[in-house]
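In the numbering used here, the protein residues as written are -1 to 84.
Next comes the structure, spelled out in structure tokens:
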């Protein structure tokens, strides 16, 4: 009986340790904000949305994104442009 309880205690301890390790790993790497945008490559349309004036590569957290001339940009990029390109 004592052996069974000690095995359970070891199993629970191992489970908690592994769970804690994954939580700590996920919190170790905060994402850095992408670099500044080329404000001259965008303009606001009549609806107040940012549109690319020319083809442009834009830095994003996961790499570079190609935006085509005339393309209305995604909401997260709209917010970045609002903040950086008054």
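The C-beta atom is built at its ideal place from N, Cα and C for all residues, glycine as well.
Next item on the list: Out of 54, 47 and 79, state which residue places its alpha-carbon closest to the alpha-carbon of residue 66.
Entry: 54
Note to self: On the DSSP letters alone, give me the boundaries of the alpha helix (DSSP H) that residue 94 sits inside.
What the structure shows: The question about residue 94 has no answer, for the chain in this structure spans -1 to 84.
Notebook entry, point to check: Around the Cβ of residue 52, are there at least 16 other Cβ atoms within 10 angstroms (buried) or fewer (exposed)?
Noted result: Looking at its Cβ environment, which holds fewer than 16 other Cβ atoms inside 10 Å, residue 52 is exposed.
Check: Since residue 48 contacts residue 76 with CB under 8 angstroms, what's their CB separation in whole angstroms?
Finding: 5 angstroms
Checklist line | Cβ-Cβ separation, residue 69 to residue 50 (assumed contact under 8 angstroms), whole Å | finding: 5 angstroms
Checklist line | Between the CA atoms of residue 58 and residue 41 - distance to the nearest angstrom | finding: 19 angstroms
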